[in-house]
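Here is the structure we will look at, set down as structure tokens.
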Amino acid sequence: LHYLFIVLSFDKISGGILGSSKKKRTPSLGTRWSLAGKSALVTGGTKGIGKAVVEALAQAGCRVHTCARDASELAVCLSAWENEFGKGIVSGTVCDASKVDDCDALCTEVMNLFENQ
Numbered sequence: 002l003h004y005l006f007i008v009l010s011f012d013k014i015s016g017g018i019l020g021s022s023k024k025k026r027t028p029s030l031g032t033r034w035s036l037a038g039k040s041a042l043v044t045g046g047t048k049g050i051g052k053a054v055v056e057a058l059a060q061a062g063c064r065v066h067t068c069a070r071d072a073s074e075l076a077v078c079l080s081a082w083e084n085e086f087g088k089g090i091v092s093g094t095v096c097d098a099s100k101v102d103d104c105d106a107l108c109t110e111v112m113n114l115f116e117n118q
């Protein structure tokens, strides 16, 4: 398996004196980058950095599939993302990435899901 890690910086420190009340507004992610037509797999997408990456990619127009070990947490996140980004933008499955069989099943599912993209 090959893994691709993408680290995007969405915040910039504006110029000027630290603590100044005058702040430059950083354009929103959607106006800076577009990932429309792209697909991504993010493991551990219901918490922490993984969740932030799922949301940033979806906001940029990317179709995202994520996985998590906890089915109830995944269901809550998927519902929230559907409300925020629309149906079909973020999908997910229960998977323990530390188990080979789960990873194999996840890869098969993602290849089928994103087959024509």
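Going from the sequence shown to our numbering is simple: count from 1 and add 1.
Even glycine gets a Cβ: it sits at the ideal position worked out from N, Cα and C.
In this text, all values refer to a predicted model and were calculated from it rather than measured experimentally.
| query | result |
| --- | --- |
| Given W34, which residues of its chain have a CB within under 7 Å of its CB, disregarding the five upstream and five downstream residues? | A61 |
| Measure the beta-carbon distance from T44 to A106 and round it to whole angstroms, keeping in mind my assumption that it falls under 8 Å. | That pair is no contact at about 13 Å. |
| Just how far apart, CA to CA, sit C78 and V54? | 13 Å |
| Which residues bound the alpha helix (DSSP H) around S92? | No alpha helix (DSSP H) contains S92, which is instead part of the beta strand (DSSP E) from V91 to V95. |
| Can you name, in chain order, every residue of its own chain whose Cβ lies under 6 Å from the Cβ of R26, other than the five neighbours on each side? | Note that R26 has pLDDT 45, beneath the 50 cutoff, so the model's placement of it is unreliable and no number is given. |
| If we count the other Cβ atoms within 10 Å of its Cβ and call it buried at 16 or more, is C68 buried or exposed? | buried |
| In this structure, how does DSSP classify S22 when only helix, strand and coil are distinguished? | Per-residue confidence for S22 stands at a pLDDT of 43, beneath the threshold of 50, marking its modelled position as unreliable; no derived number is given. |
| According to DSSP, is A69 part of a helix, a strand, or is it coil? | strand |
| At the level of alpha carbons, what is the spacing between A72 and G93? | 10 Å |
| Are the CB atoms of T47 and E83 nearer to each other than 8 Å? | no |
| Name the one or two DSSP bridge partners that V43 has. | T67 |
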